[in-house]
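One line per chain: the protein sequences are U and X, in this order.
Reading the first sequence from the start, the letters are residues 1 to 225 in my numbering.
Reading the second sequence from the start, the letters are residues 1 to 314 in my numbering.
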Amino acid sequence: MEDRVIRIHRAGPCALYVQVGEEISEAVNDEVLRLSSAIRHGVGQGVTDVVPGYTDVYVEFDPLVWSLSSLQDAILKATVRFEPRSRPRLIRLPVRYGGEFGPDLPDVASLAGLSQQEVVDIHTAGLYRVYFLGFTPGFAFLGGMDARIATPRLARPRLRVPGGSVGIGGEQTGVYPMDSPGGWRIIGRTRIRLYRAGNPDPVLLRPGDLVRFVPEAGAVDVGGA
Amino acid sequence: MAQSVEVLDPGILSTVQDLGRRGYQHLGFSVGGASDPRALILANHLVGNPVSSAGVEMTARGPCLRFSEVTAVAVVGIDPVVLLDGVAADSAKTLLVGPGSELAIPSMAGARSYLAIHGGIDVPLVMGSRSTDLLAGFGGLDGRRLERGDRLPTLGGAAIPRRRRLTPQFELRQGDRVRVRFCADPRYPQLQGALAEFIAQGWEVGPELDRVGLRLVGKEILGSRDQVLSEGQPAGAIQLPGSGLPIVLLSARHTVGGYPKLGVVGPMGICTLAQATPGTEVAFELVESDQLATEARGWLPALERPEVCTARVL
């Protein structure tokens, strides 16, 4: 495995960043996820949160247990021997595209110079990687969308986007896990729940998972294009 | 008989909070908990609760509650007005209430006050915490603010504690101008200019009281402020969005953010800012990160030492 230099930066008195790289890439994020799991399992007590991002791992700690330098040493020690990451899971999300479930599909199509069916075909052909979760419970930052269907966010965000909505925001695509305000263009909706509060396993997607959107049979409404 | 506390009037924004939900940020769950944890800890102290017991965070105008059994309660904030059966009572002091007693907190000088009830509020633990997550809609009372007619269950049991009053040094006070300490984020050398602009001026607390973050109003910072890749964010992070007006993240912050950070406010500064009402002037003092590390190690044990409260029969 290629050696990467990791750098540790303080983020205030109770947190730090373990920086792996500068650019978004699967290789950098692989390392981020491996480091996250090594820190979570190898450092343990006094580390309250380990949050992977695109290129860094954010770590919150109890300042009564760790000083920055003692934690830095413990992290470096824990990450010498990276745990092998488990094989990525493939999660298929059935989506009803267009119509009442995807009110912005016509706009996405016209902005991209494609038909609605072509947008759906391109969106469902992609294999998307979950880089990390955040913002709201269960919200997955996905990579891998075809640039042909990239569309700017809405100038005026909606006050309420229904949970399960599948959207495109710039070069990103994703699923809103719950009703929330949102500025992405909504092209469809999945009935699979990505988030259940109080469940022992409260969210469906995990960092490193692969996601495929599957058009729900007979539900694609691309009429009137 | 189990204590049940009836909500006669919910106040403006009252929620059940403890010290927050840790260990789930990687799944997108906000830490949350009391915006001013210091005030909740002190209130819990006054009624003999562990520091992590759940209480009620009250914003600007608190609720009116009716108790069904004898118990001890305490209200801690910045000069909250406390009425027990319509008669003025002290804050920062253990109060005994009886069956039918009505407790109201009609106003306060700070932004938030905390009510602790002996035994703590007994809503279900969700992922290790009783805190209400208003955005995700879970925790506390069904993930929402208190409403008229709600009943707050409490974990009663142990004997009513001796009555106590906070020593003056732990009574919360702050004027129209506050000063908070922060350390810079070393990863953004391109923000040096912005940092200088940030320190050079006094800021004013914006009009909204939001558990997610405190918006500052002043002269827009013009220095470089590129977007950065989304990453985890500590409480107290001073974000610089495109508007040039900084936002200081509080306990109910989102787990990740993509704005560059000017720095991070220490734990005492977070408590100060959580109490700052709209229009309060804030000056930010840049200190070495080691100083904030010392502060972070010291503030919680200081609050947990029993001698913070003068134990005496009143």
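The beta-carbon is built from N, C-alpha and C at its ideal position, and this holds for glycine as well.
Measuring only the C-alpha atoms, how far is Asp90/X from Pro106/X?
In the second sequence, the residue the question calls residue 90/X occupies position 90. In the second sequence, the residue the question calls residue 106/X occupies position 106. Cα-Cα distance, rounded: 13 Å.
For a minimum of 3 consecutive residues, which ranges assigned as the beta strand (DSSP E) are wholly contained in the segment 55-93 of chain U?
56-61
Can you tell me whether Glu60/U is buried or exposed? The criterion is at least 16 other CB atoms within 10 Å of its CB, across all chains shown.
Residue mapping note: residue 60/U aligns to position 60 of the first sequence, counting from 1. Its Cβ being crowded by 16 or more others within 10 Å, Glu60/U is buried.
The beta strand (DSSP E) with Met268/X in it runs from where to where?
Along the second sequence, one-based indexing puts residue 268/X at 268. Per DSSP, Met268/X belongs to no beta strand (DSSP E); it is in the alpha helix (DSSP H), Pro267 to Ala274.
Which two residues bound the contiguous beta strand (DSSP E) that contains Ile187/U?
Counted from its first residue, the first sequence places residue 187/U at position 187. Start and end: Arg185 to Thr190.
Chain X beta carbons: is any one of them nearer than 8 Å to that of Ala11/U?
One-based indexing of the first sequence puts residue 11/U at position 11. Taking Cβ atoms only, chain X reaches closer than 8 Å to Ala11/U, which makes this a yes.
Please state if the CB of Thr190/U and the CB of Ile168/U are separated by a distance shorter than 8 Å.
Residue mapping note: residue 168/U aligns to position 168 of the first sequence, counting from 1. Residue mapping note: residue 190/U aligns to position 190 of the first sequence, counting from 1. In this structure, Thr190/U does not lie closer than 8 Å to Ile168/U by Cβ.
Distance between beta carbons of His26/X and Leu133/U, contact taken as under 8 Å:
Counting from one through the first sequence, the residue named residue 133/U turns up at place 133. Counting from one through the second sequence, the residue named residue 26/X turns up at place 26. Contact holds; Cβ gap of about 6 Å.
Cα-Cα, which of Gly12/U, Ile6/U and Pro181/U is closest to Gly269/X?
Mapped onto the second sequence, residue 269/X falls at position 269. Residue Gly12/U is the option with its Cα nearest to Gly269/X.
Return yes when the Cβ of Glu295/X is within less than 8 Å of the Cβ of Arg179/X, no when it is not.
To locate residue 179/X, count along the second sequence from 1; it is residue 179. To locate residue 295/X, count along the second sequence from 1; it is residue 295. No; because the gap between Cβ atoms is not below 8 Å, this pair is not in contact.
Evaluate Leu249/X with the Cβ neighbour count: other Cβ atoms within 10 Å of its Cβ, from every protein chain shown; 16 or more gives buried, anything less gives exposed.
Against the second sequence, residue 249/X aligns to sequence position 249. Under this definition Leu249/X is a buried residue.
Listing by chain order, which chain U residues have their CB less than 8 Å from the CB of Val126/X?
As a working note, residue 126/X is residue 126 in the second sequence. The contacting residues are Ala197 and Gly198.
Closer than 8 Å, Cβ to any Cβ of chain X: which residues of the segment 9-35 of chain U, in chain order?
His9, Arg10, Ala11, Gly12, Pro13, Cys14, Ala15, Tyr17, Gln19 and Ile24
Rounded to whole angstroms, what is the Cα-Cα separation between Gly170/U and Glu220/X?
Residue numbering aside, residue 170/U sits at position 170 when the first sequence is read from its first letter. Residue numbering aside, residue 220/X sits at position 220 when the second sequence is read from its first letter. Whole-angstrom Cα-Cα distance: 27 Å.
Just to confirm, is the Cβ distance from Ile75/U to Val18/U under 8 Å?
Here residue 75/U is taken as the residue at index 75 of the first sequence, counted from 1. Here residue 18/U is taken as the residue at index 18 of the first sequence, counted from 1. The answer is yes: Cβ separation under 8 Å.
Tell me, which residues are paired with Pro52/U by DSSP?
Counting from one through the first sequence, the residue named residue 52/U turns up at place 52. In DSSP, Pro52/U forms a bridge with Val57/U.
Okay, do the segment 127-143 of chain U and the segment 155-166 of chain U touch, 3+ Cβ pairs below 8 Å being the bar?
no
Is Gly258/X closer than 8 Å to Val212/X when the C-beta atoms are compared?
Mapped onto the second sequence, residue 212/X falls at position 212. Mapped onto the second sequence, residue 258/X falls at position 258. No.
What in chain U is Cβ-close to Gly402/X, meaning under 8 Å?
Nothing in the structure corresponds to residue 402/X, since chain X is present only between 1 and 314.
Identify whether Glu197/X lies in helix, strand or coil by the three-state DSSP scheme.
Reading the second sequence from its first residue, position 197 is the one you call residue 197/X. Glu197/X falls in the helix class under three-state DSSP.
Following the continuous beta strand (DSSP E) through Leu249/X, name the residue where it begins and the one where it ends.
Counting from 1 along the second sequence, the entry for residue 249/X is found at position 249. Segment Ile247 to Leu249, the beta strand (DSSP E) holding Leu249/X.
Have a look at Gly77/X, Leu273/X and Arg21/X and flag the residue whose alpha-carbon is nearest the alpha-carbon of Ala136/X.
As a working mapping, residue 136/X is identified with position 136 in the second sequence. Cα-wise, what sits closest to Ala136/X is Arg21/X.
Taking only beta-carbon atoms, is Ala54/X less than 8 Å away from chain U?
In the second sequence, the residue the question calls residue 54/X occupies position 54. It does not; no Cβ of chain U falls within 8 Å.
Excluding five sequence neighbours on each side, which residues of the same chain lie with their C-beta closer than 6 Å to the C-beta of Ser4/X?
One-based indexing of the second sequence puts residue 4/X at position 4. Same-chain partners within the cutoff: Ser68 and Arg151.
Who are the near neighbours of Ser180/U in its chain, counting only those whose CB is closer than 7 Å to its CB and skipping five residues on each side?
Position 180 of the first sequence holds residue 180/U. Closer than 7 Å at the Cβ level, and outside the excluded window around Ser180/U, lie Thr136 and Val161.
Measure the C-alpha to C-alpha separation of Pro10/X and Ala235/X and round it to an integer number of angstroms.
Along the second sequence, read from residue 1 onward, the residue named residue 10/X stands at position 10. Along the second sequence, read from residue 1 onward, the residue named residue 235/X stands at position 235. When rounded, the distance between both Cα atoms is 27 Å.
Continuous beta strand (DSSP E) stretch holding Val32/U: start and end
Indexing the first sequence from 1 puts residue 32/U at position 32. Element bounds for Val32/U: not the beta strand (DSSP E) but the alpha helix (DSSP H), Glu26 to Gly42.
Quick one: grab the DSSP three-state call for Ile149/U.
The residue you call residue 149/U lines up with position 149 of the first sequence. Helix at Ile149/U.
Report yes if the C-beta distance between Pro177/U and Leu194/U is below 8 Å; otherwise report no.
On the first sequence, residue 177/U is found 177 positions in, with the first residue counted as 1. On the first sequence, residue 194/U is found 194 positions in, with the first residue counted as 1. Yes, the pair counts as a contact, with Cβ atoms nearer than the cut-off.
Given a threshold of 16 other Cβ atoms within 10 Å of its Cβ, counted over all protein chains shown, does Gly140/X qualify as buried or as exposed?
The count along the second sequence starts at 1 and reaches residue 140/X at position 140. Result: buried.
Taking 8 Å as the cut-off, decide whether the C-beta atoms of Ile213/U and Val95/U are in contact.
Here residue 213/U refers to the residue found at position 213 of the first sequence. Here residue 95/U refers to the residue found at position 95 of the first sequence. It should be pointed out that residue 213/U corresponds to Phe in this sequence rather than to Ile. In contact: Phe213/U and Val95/U (Cβ atoms closer than 8 Å).
Please list the terminal residues of the continuous beta strand (DSSP E) segment that includes Leu214/X.
Taking the second sequence and counting its residues from 1, one reaches residue 214/X at position 214. Per DSSP, Leu214/X belongs to the beta strand (DSSP E) from Gly213 to Val217.
Starting from Ala26/X, follow its DSSP beta bridges and name the residues at the other end.
Your numbering for residue 26/X matches position 26 in the second sequence. Correcting the residue type first, residue 26/X is His in the shown sequence and not Ala. In the DSSP output, where bridge partners are listed per residue, His26/X has none listed.
Please report the Cβ distance between Thr15/X and Thr154/X, rounded to the nearest whole angstrom; I am assuming they are in contact, meaning their Cβ atoms lie under 8 Å.
Residue numbering aside, residue 15/X sits at position 15 when the second sequence is read from its first letter. Residue numbering aside, residue 154/X sits at position 154 when the second sequence is read from its first letter. Contact doesn't hold; Cβ gap of about 16 Å is too wide.
Counting C-beta neighbours from all protein chains within 10 Å, is the total for Glu23/U 16 or more, i.e. buried, or is it exposed?
As a working note, residue 23/U is residue 23 in the first sequence. Its Cβ having fewer than 16 others within 10 Å, Glu23/U is exposed.
Give a yes or no on contact between the segment 68-79 of chain X and the segment 97-106 of chain X, applying the rule of three or more CB pairs nearer than 8 Å.
yes
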